[in-house]
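Read the structure below first, then the notes.
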Amino acid sequence: MFVLNQELEISNIKFPAITEAVLESSREIPTDILTIKLPKYKNLKKDSIVKFSKVTWKAGYFQYGLLNEFNGYILEISPKVPLELKCVDPFFFCQRKMMTQDYHQKPLMVFLNDCIHPQIKSDISIIVRDSDIKQTVDIRCAKKSARYALYELKKLMVWTFFFTIGNWWFKKLINILI
Numbered sequence: 112m113f114v115l116n117q118e119l120e121i122s123n124i125k126f127p128a129i130t131e132a133v134l135e136s137s138r139e140i141p142t143d144i145l146t147i148k149l150p151k152y153k154n155l156k157k158d159s160i161v162k163f164s165k166v167t168w169k170a171g172y173f174q175y176g177l178l179n180e181f182n183g184y185i186l187e188i189s190p191k192v193p194l195e196l197k198c199v200d201p202f203f204f205c206q207r208k209m210m211t212q213d214y215h216q217k218p219l220m221v222f223l224n225d226c227i228h229p230q231i232k233s234d235i236s237i238i239v240r241d242s243d244i245k246q247t248v249d250i251r252c253a254k255k256s257a258r259y260a261l262y263e264l265k266k267l268m269v270w271t272f273f274f275t276i277g278n279w280w281f282k283k284l285i286n287i288l289i
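The numbering used here puts the first residue of the sequence shown at 112, with every later residue one more than the last.
Written out as C-alpha cells, the structure is:
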C-alpha cells in the first residue's frame with residue numbers, strides 16, 4: 112500500500128500538517144503557483160508567516176521518500192481560517208523585473224545578476240555548469256522583463272535554466288543531430 116507524505120517549510124519553520132496543497136504547473140502559465148491551506152495551529156504567531164517568505168514543499172510516497180515539488184515565495188495571505196497561502200515560483204519575479212539597459216559585449220555574470228529581482232536576490236546564487244559557455248552577452252532587452260531577457264539568452268546560447276533551492280542553474284543544451 113502506498114502512503115502519501117508531505118513536508119512544508121516556510122521561512123525555516125516546518126509545518127507537520129497541512130489541510131490542502133494545490134500545485135498549478137503548466138506550459139500555458141509562465142509560473143508555478145502553489146495554494147496551501149493550513150489547519151489552525153495553536154502556537155502559530157500572526158507575524159510568523161509574512162508576504163514574500165520563502166516556501167519549500169516536498170511530497171512523495173513514504174516508501175520512496177520526499178521529492179522537492181515546489182520552491183517559491185508567499186505572494187498572498189488570506190485573513191480567513193483556515194489560513195490560505197498563495198505562493199509563486201522565482202520566475203514570477205522575472206516577469207516583474209524590468210531590465211534597464213541593453214547588454215552589448217557585457218560580462219555574462221553581470222547580465223545574469225541584473226535579471227534577478229531585488230525581492231529574491233539574497234536567496235539566489237547563480238551556477239553556470241559548463242565551462243565552455245561564452246562569457247559575454249549581446250542582448251537587446253531594455254524596458255523588457257527579465258523573463259524576456261532570459262528567453263533571448265536561451266535562444267542565443269542554446270541554454271536551459273531553472274531554479275532549485277537557493278540556486279539558479281544554467282546548463283548548456285546538447286543537441287544530437289541524426
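Glycine is no exception: its CB is placed at the ideal position from the N, C-alpha and C atoms.
Going by beta carbons, residue 208 and residue 228 fall inside the 8 angstroms limit. Inclusion of residue 147 and residue 226 in the CB contact set at 8 angstroms is not warranted, their separation being larger than that value. It is roughly 27 angstroms from the alpha-carbon of residue 267 to the alpha-carbon of residue 233. When the Cα atoms are used, residue 184 and residue 176 turn out to be separated by approximately 24 angstroms.
Taking all protein chains shown into account, residue 166 has 16 or more neighbouring C-beta atoms within 10 Å of its C-beta and is therefore buried. Only residues of its own chain outside the window of five on either side were considered, and among them 250, 251, 252, 253 have a CB closer than 8 angstroms to the CB of residue 213, listed in chain order. Taking 3 residues as the shortest admissible run, the segment 215 to 273 contains the following complete beta strand (DSSP E) segments, listed from N- to C-terminal end: 236 to 239, 247 to 250. Listed in chain order, the non-local C-beta contacts of residue 259 below 7 angstroms within the same chain comprise 252, local neighbours out to five positions each way being set aside.
Rounded to whole angstroms, the Cβ separation of residue 143 and residue 131 is 17 angstroms, and the two are not in contact under 8 angstroms. Closest in C-alpha terms to residue 189, from the list 161, 216, 230, comes 161. In the three-state reduction of the DSSP assignment, residue 117 falls in the strand class. Cβ-Cβ separation between residue 116 and residue 172: approximately 7 angstroms, consistent with a contact (criterion under 8 angstroms).
Within the same chain, 151 come within 7 angstroms of residue 192 by CB-CB distance, once the 5 residues on both sides are set aside. By the criterion of a C-beta distance shorter than 6 angstroms, residue 119 is surrounded in its chain by 126, 129, 168, once the five residues flanking it on both sides are discounted. Per DSSP, residue 126 lies in no alpha helix (DSSP H) segment; the continuous beta strand (DSSP E) that holds it begins and ends at 124 to 126. Under the three-state reduction of DSSP output, residue 173 falls in the coil class, being neither helix nor strand.
Between residue 202 and the set 114, 248, 112, 235, the nearest pair of CA atoms involves 235.
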